[in-house]
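Novice:
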DNA sequence: GAAAGTCTCGAAAACGGTTTCGTAGAATAT
DNA sequence: ATATTCTACGAAACCGTTTTCGAGACTTTC
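Chains as they are written, first to last, in the numbering used here: chain A, 1 to 341; chain B, 1 to 341.
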C-alpha cells in the first residue's frame, strides 16, 4: 500500500522495469499497444517518478540553494524575489533556507545543502559568522566543487563569485547629500558595525566629511550592540552636540531613530534630517516618510542567480568575479531639498 | 577531478566499497588499522556522503517542505519561525518555498516537493488557488501518501490535518470591542474577500452586530479587488455614513486606511477607531500605533510542525484533526478604552 | 532461401550509498 | 589434532530510475 514504482507496474504487466520506464517516457522502442496500456495504468495510479532516484542518476537536481540570514529584512526578501525570478526563467527550483543570523545554523544548513542536494548555492553570511570570521564551512563547499555565489555580506577570504552593494559609495553619497541640504553635523547609528557592509558605509561617510573638510568625530557614530539601548545612546548624542542629520544603517533603526527624535520634540526634517538604509515598507508608512538608500535588492538577486547558473552550466574555468551594484537615494520627507543644483 | 566517492576511496586502498563504507562509519567489522587509514584519507579529502543516495536508500529525507504564499506578510514569517523551531528540535530540516500567491507556482512547487524530495509538507494555500478553488494538486499529494498539514488558508475539501486561526471569533471579538468603546458604526475593509479567512472574519463581524441589535449594512463592507483604489472607496464610505470604527483585514490595508483617514482630517481614535489584522512591525511604528489582532503565528507554526512530524513518525492511522487557535487583541493607540467594566 | 533490416523487448550497468550474509583464515577451545 | 569461534573482509542485494546494448522474432530484399 506504499508508493507506486516502476517495479510494481512491471509486475502488473509482467514485463521488465526498463520496459515500463521506456513506455512511460514514450520511447519508440515499445509497441504502441503496450505503451498505451502502461501509460493508462500509470496515469490511473498516479505514478510519479522518484525525484531522488532521478537526481542521483542524472547527477544534478536543477535546484539552487539560497541561504539568507533573515527574512524580516526587506532587502533580503527583495534579493530573494530577484533570485526566484531568474531561477524560474532558467528552469531551476529554489531551496531556500534561513540562517537566522546564527553561525551554527548556517553551518548546519550548508551541510544539508552540500553533498548533492542542490547544484549550487547563493548565500549571504549570517551576522554571527561575519563577527566570528569563521569560514571553513564555505571552504568545504568550494572543496566539494559546489558552485557558490556570495552576496551582500561576503568574505574576502573565500574565492568565489560575488555580488555586493557599493556600500562605501552609499555612505559617501548619503553623507554628501545631507551636507548639500545645509546640514553640517551628521551622525551615524549602526547596529551592524561588525559587518563589512556597515563598516564600508561608515568609511564612505568619513570620505564625504573629509572632502567637505569636516573633521571626523567618532562620538558621532553610535555603535549599537545587541543589548544597547538606542534611546539612551541617542540622548547622549543629542546632548553632546547639535546634530542636524542622522544616517541609520538599517530600516528598523531608522524608524526607531525617527520615533525617538520626534518624541523629544525635534522636527523632522527641519531640525534633524534622517536617511535610512534599506528601502522597505516601514519607510513608506511612517510619518514623515523616510528618505532611504535603495540597494536594488531585486536586481542584485537576479544578478546573483545569473552568475551562479552561468557557472553551473558552463564548466569552463572562468575567473571568479565580483559585481558591485550602485545604490540610489529615494527621496521622501525626512530630508530637506538639496541646495545644489 | 570530480567529487570524491566511496568507490574512489576503495580504489585507492584496493578494497571493496562496502569495506570503505563500514570503515567510515566506524564498524567493528573492520580492523582498527584499516579504519584509521581510510578515515584519515576520507577526512583529508573531505569525503561527504551523497545525500541523494542516502535518502534513496533509507527512503526518507528528514526534511519537511513548507509552502507559504508570501513572506512579506508578517504572519507567515511568524508561522515559519514556529515551524523552524520545532523542526530543529525534532531533528528535521526545512525546505521552504514561496508560492507567491500564484496557483501555477503552487502546483509547480508541490510537484517539486512530492515524489520523495521531502517526507511531509506544511502549506497555506495561495490566494489564487483559493479563488479558483482548484485542489487537485493537494489530492495528488494525499494519493501519493505524502503527509500533509494545511494551515490558515485551508481547503475543506481536502482531508488532512489542519491548523487554523479562529477568524470567526476574531471578527466577532474585534467588532464587539469597537462597540464596547462606544463606537456604533463599524466598517470593514477587506482585500481578501475571496479567502475563507476573510469571509469568516466578516461572519464574526455580522454576529457581533446581530448581538448588539445593529442591522448589517453591506455598504459598510469594502471589498477591495486587485485594482481597486482604496482611497476612492474609502471616501465613498466616509461620505455615505458617519463611520466611527474600521476593521481592516490585513496589515497593509490597516496602515493605508490609517494614513488616508488621517489625511482627511479625522482624528484617530477620537473620530475613527482602527483595528488591523496581523500584529506585525508596521502596526508598531505608525502614528498612532495600531491596535491589532494577533494570530499567534509562531504558536500556530509550532503546532503545525508537531502535527506533521507526529503523523510522519507514527504510521498508525489516526483520524485527521483540525486545531483552531484563538486570536487576541493587542491594544495600542488606534482604539479607545472599553467602557465596560 | 539466405542476408539484412525492423520491431520489441530484456539484461546489465550505472548513479552512491548501506546492509545482510557468506567465508577464508587465524585464533581458541576441547 | 580436530572442532569451534572470531576476525576481517567481499559478494550480492537493494533503493528507483535511465541508458546502452544485445538478441529473438518477424519482414523485407535480392
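For every residue, glycine included, the Cβ atom is placed at its ideal position computed from N, Cα and C.
1. Using a threshold of 9 Å, state whether the C-beta atoms of residue 259 of chain A and residue 149 of chain A are closer than that.
2. Helix, strand or coil, according to DSSP, for residue 93 of chain B in the structure here?
3. Compute the beta-carbon to beta-carbon distance between residue 37 of chain B and residue 75 of chain B, rounded to the nearest angstrom, for a pair I have assumed lies under 8 Å.
4. State yes or no: is the beta carbon of residue 153 of chain A nearer than 9 Å to at least one beta carbon in chain B?
5. With a Cβ-Cβ cutoff of 9 Å, do residue 335 of chain A and residue 146 of chain A count as a contact?
6. Compute the Euclidean distance between the alpha carbons of residue 108 of chain A and residue 153 of chain A, then round it to the nearest angstrom.
7. Could you tell me which of A/324, A/92, A/300 sits nearest to residue 118 of chain A, measuring between CA atoms?
8. Does the count of Cβ pairs from the region 173-192 of chain A and the region 237-256 of chain A closer than 8 Å reach three?
9. Tell me, please, whether the CB atom of residue 53 of chain A is closer than 9 Å to any CB atom in chain B?
10. Counting only beta-carbon separations shorter than 9 Å, does residue 89 of chain B have a partner in chain A?
11. Just to make sure I have the definition right: I need the residues of chain A whose C-beta is within less than 8 Å of the C-beta of residue 158 of chain B. Which are they?
12. What residues in the region 247-274 of chain A bring their beta carbon closer than 9 Å to a beta carbon of chain B?
13. Near residue 277 of chain B, which residues of its chain fall below 6 Å by C-beta distance, leaving aside the five closest residues on each side in sequence?
14. Buried or exposed: which applies to residue 290 of chain A, given that a residue is buried once 16 or more other Cβ atoms fall within 10 Å of its Cβ?
15. Do the region 171-178 of chain B and the region 192-211 of chain B make contact, defined as three or more Cβ pairs closer than 8 Å?
16. How far does the beta strand (DSSP E) with residue 162 of chain B in it reach, from first residue to last?
17. With a threshold of 8 Å, are at least 3 pairs of Cβ atoms found where one atom belongs to the region 79-91 of chain A and the other to the region 128-144 of chain A?
18. What are the boundary residues of the alpha helix (DSSP H) that residue 68 of chain B is part of?
19. Could you tell me how far apart the beta carbons of residue 68 of chain B and residue 124 of chain B are, in whole angstroms, since I believe they sit closer than 8 Å?
20. On a Cα-Cα basis, can you pick out the residue from B/330, B/122, B/53, B/48 that is closest to residue 164 of chain B?
21. Assuming residue 149 of chain A is part of the beta strand (DSSP E), what are its boundary residues?
22. So residue 115 of chain A contacts chain B; which residues on that side make the cut at Cβ distance below 7 Å?
23. Here's a check: name, in chain order, each residue in its chain whose Cβ is nearer than 7 Å to the Cβ of residue 30 of chain A, leaving out the five neighbours to either side.
24. Label residue 133 of chain A either buried or exposed according to how many other C-beta atoms from any shown protein chain fall within 10 Å of its C-beta, with 16 as the threshold for buried.
25. Report buried or exposed for residue 296 of chain B, applying the criterion of at least 16 other Cβ atoms within 10 angstroms of its Cβ.
26. Anything in chain A within Cβ reach of residue 287 of chain B, meaning under 7 Å, just list it in chain order.
27. In whole angstroms, give me the CA-to-CA distance for residue 300 of chain B and residue 33 of chain B.
28. For the region 276-300 of chain A, which residues have a CB atom closer than 8 Å to at least one CB atom of chain B, in sequence order?
29. At which residues does the beta strand (DSSP E) containing residue 247 of chain B begin and terminate?
30. Along chain A, which residues have their Cβ under 7 Å away from the Cβ of residue 71 of chain B?
31. Thinking just about the alpha-carbon of each residue, which of B/184, B/25, B/222 is nearest to the one in residue 215 of chain B?
32. Starting from the C-beta of residue 131 of chain A, find all residues in its chain whose C-beta is less than 7 Å away, skip the five residues before and the five after it, and write them out in chain order.
33. Indicate whether the contact test is met: 3 or more Cβ pairs, each with one atom in the region 39-58 of chain A and one in the region 260-269 of chain A, closer than 8 Å.
34. Quick one: does residue 322 of chain A have its CB under 9 Å from some CB of chain B?
35. Figure out for me which residue from A/213, A/236, A/226 has the closest Cα to the Cα of residue 219 of chain A.
36. Nearest to residue 266 of chain B by alpha carbon, out of B/242, B/309, B/179?
Specialist: The structure says:
1. no
2. strand
3. In fact, because the Cβ distance is near 55 Å, the residues do not count as touching under 8 Å.
4. no
5. no
6. 19 Å
7. Nearest of A/324, A/92, A/300 to residue 118 of chain A, Cα basis: A/92.
8. yes
9. yes
10. no
11. Those do not exist, as residue 158 of chain B stays about 15 Å from chain A at its closest Cβ, beyond 8 Å.
12. Per Cβ criterion, the list reads 252, 255, 256, 258, 259, 262.
13. Spatial neighbours of residue 277 of chain B in its own chain (CB-CB distance under 6 Å, excluding positions within 5 residues in sequence) are listed in chain order as 249, 250, 293.
14. The residue is buried, with at least 16 neighbouring Cβ atoms inside 10 Å.
15. yes
16. 161-165
17. no
18. Taken as a continuous stretch (DSSP letters only), residue 68 of chain B belongs to no alpha helix (DSSP H), being part of the beta strand (DSSP E) at 63-68.
19. Their Cβ separation, rounded to whole angstroms, is 6 Å, which keeps residue 68 of chain B and residue 124 of chain B in contact under 8 Å.
20. B/122
21. 148-151
22. 48, 49, 50, 51
23. 19, 22, 23
24. exposed
25. buried
26. The contacting residues are 287.
27. Cα to Cα, the separation comes out at about 52 Å.
28. Listed by position along the chain: 281, 282, 285, 286, 287.
29. Segment 245-248, the beta strand (DSSP E) holding residue 247 of chain B.
30. What residue 71 of chain B touches in chain A, judged by beta-carbon distance under 7 Å, is 71, 77, going in chain order.
31. Comparing Cα positions, the closest option is B/184.
32. 194
33. no
34. no
35. Checking every option, the nearest Cα to that of residue 219 of chain A belongs to A/236.
36. B/242
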